[in-house]
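Report on one structure; see the data block that follows.
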């Protein structure tokens, strides 16, 4: 039986009610949103349920939206894949600035260990229940979170760059 | 065995006689050092693959005396830094350089090692000459094997003409002091 | 810095104090890397050892973190292609084509058949080049240096073909949105034909040298096995997963760029050990050669790029004579191309597995967020489990057979 997106939507809304919302066929991937307190259970259902069977975590990453309203400042995006039925699904959960934490899914998928560490390293999102949440790509002594939009890309300690050639003036520095 | 004529290295200037050849010590030592530079390939990224191509049979670097690639700093003459050095890696590069015995030379291969390259970011060291003194810079992204060979040949010229007393001279000590070495 | 000097408070130091074997010997700590002749790339593993046997390992990565994702947020779409080269630099055309396909998915552009077939040819050439390096370096690590020298000659031939197509050897930066920048010359096709005649002979010799070699078999069979279930849990894809027994291949599951027109098998191993990974890669090279031959035989005539003047640089003669071409040229070079607001995920089968690009745009000239799903980063987590209980020399052989490319690991 082919896995229809309507069936996924129905099964999840039956179980979680209004904690899963915004179901849409986003180009070629069926995506929806889940609230941060329910996200762990949603992913567990997607993995464990025999009909849904999304047994492979393709990707886990974070996004920073500083221009959104305060309820949707940070997002954690999960891509799951069912190899048997060849269906992909994308789950997003939005976090606020004050409560920048979400449950870790390392007990469901072993590969999410480093992916969550990378998201923590870049955005500062705390994953509750992660066995070893420390920085992975940057140096451990770093205090700021480099992928946030306010962090500058370039090396600030650089002395040999002439700002005039890069269009940087006192006004727009 | 090929029957083509091999190019012998030209002997230094000197006075020849019956059974003796008198020349300057600098020249002889320079000649010996220049034609047996053992590299330490510090290959981190894409330039490392071009170095592998340089060491392979098509562009053989072993012709220039670099037959034995040494991974131990204590036994290497020249440190070839190939690839991006990030700020996390910089202390390690310095440790490796400090472990090398005199005389030692450094070739920085590739745009990332010379000046940070394409990656003008918070995590990349903008040029290895921020932490260690460099003798030859080979630009390119990645440089062709012929360019890497040219870099080694330039270093050979440097080595041939270097004075034996250079490593004890005050200018050299000042250079090392400027890097806190 | 705290990883560099092993301070006495490291947890392994405490374990060593507390355990002592019956014969009085102690456990020890060995620091493998970051600079090590046999770890191809810079990653560090601190190993807790009992003599020659490894009890535990603690990996540290990030020594070549170049912040690709941050740079991509500040560069127009054409300039991001330069970054993708440098991720898996052993097979850079695959990364390039994957990026162009992501952008074409975003802009909903259809690429003409000829360009798609040529993309398939260059991607399979890149896959051959990647497997060449991996298998020959595995030979070097077990002590057989000649295989590497012999096979690298053919990598030089592949470099010459890349040079004919795009001008560069290693970091190719080839392609445009909608196709290729120029049609392939006759010299490129001739070189490709010579390669297809000479290479299979050499590859057969390479296989014969290793596959039934007593020493190689002793060093690689039952070394670093991983079960299919564990492999799926750890997110393995590509040849490492197929060696464990699961035949998931993105080219078959979600065909892109006309892969559905070609017939090829997906080789699968049994136990996921080093020998299986070696053999799966060997067989994949044969399958890639077969795909290239099929694509060359069926190569259609036609345009080399899609007709999208908004995104594809016009030819220089038109720019000098035609007002619209001048305007398009200016806008494209300045990066002011019209882009919809969307979220795209596109995956291709890279040399190491499923290489995915997650792209979020907001209509401006640069991506808003670009995340690379890098296969090496994800499957390197399984390395710790693979080496536990084995010997130190096995750890080196397992690392080479996994084909971990440092550029893709740290991005």
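Residue numbers (our numbering), protein chains in the order written: chain A, 311 to 483; chain B, 1433 to 1613; chain C, 312 to 722.
Ideal Cβ positions, reconstructed from N, Cα and C, are used throughout, including at glycine.
Cutoff 7 Å; reference residue i; Cβ partners in own chain excluding five residues on either side
i                      : result
residue 585 (chain C)  : 531, 534, 535, 708, 709 and 712
residue 1601 (chain B) : none
residue 312 (chain C)  : Only weak support exists for where residue 312 (chain C) lies, its pLDDT of 36 falling under 50; the value from the coordinates is given anyway. If we look at residue 312 (chain C) and ignore the five residues flanking it on each side, it has no Cβ neighbours.
residue 592 (chain C)  : 442, 445, 446 and 550
residue 401 (chain C)  : 440, 441, 444, 662 and 716
Residue i burial status per 10 Å Cβ neighbour count (16 or more: buried)
i                      : result
residue 551 (chain C)  : buried
residue 480 (chain C)  : buried
residue 1441 (chain B) : exposed
residue 376 (chain C)  : buried
residue 1476 (chain B) : buried
residue 1530 (chain B) : exposed
residue 456 (chain C)  : exposed
residue 467 (chain A)  : exposed
residue 693 (chain C)  : buried
residue 1558 (chain B) : buried
residue 358 (chain C)  : buried
is_contact[residue i, chain B] using C-beta, thresh 9 Å
i                     : result
residue 512 (chain C) : no
residue 357 (chain C) : no
residue 468 (chain A) : yes
residue 448 (chain A) : yes
residue 430 (chain A) : no
residue 329 (chain C) : no
residue 401 (chain C) : yes
residue 393 (chain C) : yes
Contact with chain C by residue i, beta-carbon distance below 9 Å
i                      : result
residue 368 (chain A)  : yes
residue 1503 (chain B) : yes
residue 441 (chain A)  : no
residue 1574 (chain B) : yes
residue 1512 (chain B) : no
residue 398 (chain A)  : yes
residue 1515 (chain B) : yes
Cβ-based neighbour list, residue i, same chain, cut-off 8 Å, excluding 5 preceding and 5 following
i                      : result
residue 423 (chain C)  : 490, 613, 614, 615, 616 and 617
residue 560 (chain C)  : 553, 577 and 660
residue 604 (chain C)  : 507
residue 423 (chain A)  : 416, 440, 441 and 442
residue 1480 (chain B) : 1473, 1514 and 1515
residue 1575 (chain B) : 1479, 1482, 1541, 1542 and 1583
residue 629 (chain C)  : 636
residue 652 (chain C)  : 672, 673 and 674
Residue-level contact to chain A via CB, residue i, 9 Å cutoff
i                      : result
residue 671 (chain C)  : yes
residue 711 (chain C)  : no
residue 688 (chain C)  : yes
residue 546 (chain C)  : yes
residue 697 (chain C)  : no
residue 1527 (chain B) : no
Cβ neighbours of residue i in the same chain (closer than 6 Å, five flanking residues each side left out)
i                     : result
residue 376 (chain A) : 459
residue 324 (chain C) : none
residue 314 (chain C) : The predicted position of residue 314 (chain C) is uncertain, since its pLDDT is 44 and thus under 50; a value taken from the coordinates is nonetheless stated next. Result list for residue 314 (chain C): 371, in chain order.
residue 410 (chain C) : 392 and 395
residue 427 (chain C) : 568 and 569
residue 271 (chain A) : With chain A running from 311 to 483 in the structure shown, residue 271 (chain A) is simply not present.
Closer than 9 Å at the beta carbon, the chain F residues around residue i
i                     : result
residue 463 (chain A) : Going by chain labels, chain F is absent from the structure shown, which instead holds the protein chains A, B and C.
Integer Cβ distance of residue i from residue j, believed to fall under 8 Å
i                      : j                      : result
residue 391 (chain A)  : residue 400 (chain A)  : Not a contact, Cβ separation roughly 10 Å.
residue 575 (chain C)  : residue 602 (chain C)  : 5 Å
residue 348 (chain C)  : residue 1503 (chain B) : 4 Å
residue 690 (chain C)  : residue 369 (chain A)  : 13 Å between Cβ atoms; not a contact.
residue 438 (chain C)  : residue 571 (chain C)  : Not confirmed; about 18 Å, so no contact.
residue 387 (chain C)  : residue 434 (chain C)  : That pair is no contact at about 24 Å.
residue 364 (chain C)  : residue 702 (chain C)  : 6 Å
residue 1564 (chain B) : residue 1538 (chain B) : 6 Å
Inset, instruction - Go through the region 1449-1479 of chain B residue by residue and report every complete run of the alpha helix (DSSP H) that reaches 4 residues or more, in order. - result: With a minimum length of 4 residues, the continuous alpha helix (DSSP H) runs that stay inside the region 1449-1479 of chain B are 1457-1466.
Inset, instruction - Identify every run of the alpha helix (DSSP H) within the region 534-604 of chain C, keeping only runs that are complete inside it and at least 4 residues long; order them along the chain. - result: Listed in chain order, the complete alpha helix (DSSP H) runs (minimum 4 residues) inside the region 534-604 of chain C are 539-544, 550-554 and 561-564.
Legend entry - Sequence ranges, beta strand (DSSP E) only - wholly within the region 384-418 of chain A, length at least 3: Those beta strand (DSSP E) runs which fall completely within the region 384-418 of chain A and span 3+ residues are 384-392, 397-405 and 411-413.
Legend entry - Length at least 4, wholly inside the region 1569-1608 of chain B: the alpha helix (DSSP H) runs in chain order: Taken in chain order, the unbroken stretches of alpha helix (DSSP H) that lie wholly in the region 1569-1608 of chain B and span 4 residues or more are 1577-1592.
Legend entry - 3-residue-minimum beta strand (DSSP E) runs that sit fully inside the region 344-413 of chain C, ordered along the chain: If only complete runs of 3 or more residues are kept, the region 344-413 of chain C shows the beta strand (DSSP E) at 355-361 and 364-371, in order along the chain.
Legend entry - Contained alpha helix (DSSP H) runs [length at least 4] in the region 419-490 of chain C, N- to C-terminal order: Contiguous alpha helix (DSSP H) elements confined to the region 419-490 of chain C occur at 424-452 and 456-477, taking only those with 4 or more residues.
Inset, instruction - List in chain order: all unbroken alpha helix (DSSP H) runs of 4+ residues lying wholly within the region 1514-1573 of chain B. - result: Listed in chain order, the complete alpha helix (DSSP H) runs (minimum 4 residues) inside the region 1514-1573 of chain B are 1522-1531 and 1543-1547.
Legend entry - 4 or more residues per run - each alpha helix (DSSP H) lying fully within the region 609-677 of chain C: Taken in chain order, the unbroken stretches of alpha helix (DSSP H) that lie wholly in the region 609-677 of chain C and span 4 residues or more are 627-632 and 634-645.
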